[in-house]
Ligand code: HEM
Ligand code: HEM
């Protein structure tokens, strides 16, 4: 068996998976329990029972303040994602990992091509998410007005959908591979090529 799941390669994979799941979790919280409109409604309702009336804008401001510490984690996981991307680039430069597009071109069977294409689309979507997110985050330092680059935020938000699709296809493919072959692919990605 060709040795390819080196410790550094596995570290890259799980660091990236950990950060992507973390980022998705912060988005899930922002869209559900900590959605600013729902939290604002709860705050207004509760304050009314104490005899305090606030207007909707004040309620939204309070809701955003309650959400802020959770959303900080979007940026903390973003840094972990940045580290994992830097690690992958280094692995490719030092020839310890392939450029995803080369894997597609060099795939020998149809099945290999499909797998490599999903990996390529997954890597591309994550790279675009990281670029658009970082660009939006640093827009002031880069000299752009928030209004002028609103489209960047829209692209960033839109990319959530392809990401969910490719992550789901990736995990489904890995589970299928695990269940239909003797390769113990998930074990190899956890403890390396030598199955103990
Ligand atoms: C959001 C989370 C994840 C991301 C972004 C991700 C990303 C990737 C990428 C880009 C590759 C291709 C690496 C290469 O050969 O260059 C890969 C391979 C792999 N991933 Fe994931 N992964 C994620 C989650 C998972 C999970 C949860 C599992 C285990 C259930 C898993 C198991 C594997 C395995 C076994 C491979 C090797 C596949 C092969 O070469 O046949 N991944 N992953
Ligand atoms: C897997 C990767 C990522 C996913 C799935 C993701 C997803 C999202 C989504 C869905 C939103 C919109 C939230 C909303 O308005 O309801 C958002 C906002 C944002 N994300 Fe990401 N993101 C990712 C990575 C990053 C990275 C790497 C950065 C870099 C710093 C970043 C920075 C931002 C910023 C600045 C916002 C705007 C926040 C605001 O307007 O309050 N994201 N992200």
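Residue numbers (my numbering): -15 to 180. Glycine included, each C-beta is placed from N, C-alpha and C at the ideal position. Since we're looking at a predicted model, the values are computed, not measured.
| Asked | Found |
| --- | --- |
| Cβ neighbours of residue 126 in the same chain (closer than 8 Å, five flanking residues each side left out) | 119 |
| Residue 150 and residue 83 closer than 8 Å at C-beta | no |
| Nearest residue (CA-CA) to residue 13, options -5, 58, 33 and -1 | 58 |
| For residue 46 and residue 24, believed in contact at Cβ under 8 Å, the rounded distance | 7 Å |
| First and last residue of the uninterrupted alpha helix (DSSP H) at residue 56 | 40 to 77 |
| Nearest residue (CA-CA) to residue 19, options 54, -5, -11 and -4 | 54 |
| Ligand 4 heavy atom lying under 7 Å from the CB of residue 114 | Although ligand 4 was asked about, the structure shown includes only ligand 1 and ligand 2 as ligands. |
| Ligand 1 site residues, beta-carbon cut 7 Å against heavy atoms | -3, 0, 1, 4, 5, 81, 82, 84, 87, 99, 103, 106, 107, 110, 151, 154, 155, 158, 159, 161, 169, 170, 172 and 173 |
| Pick from 78, 8 and 98 that is closest to residue -8, judged by C-alpha positions | 78 |
| Continuous alpha helix (DSSP H) stretch holding residue 164: start and end | 144 to 164 |
| Any non-hydrogen atom of ligand 2 closer than 7 Å to residue 72 Cβ | no |
| Counted within 10 angstroms of its Cβ, other Cβ atoms place residue 100 as buried (16 or more) or exposed | buried |
| Assigned secondary structure, residue 128 (DSSP; H/G/I helix, E/B strand, else coil) | coil |
| Residue 11 beta carbon near ligand 2 (any heavy atom closer than 7 Å) | yes |
| Cβ-Cβ distance between residue 157 and residue 102 below 8 Å | yes |
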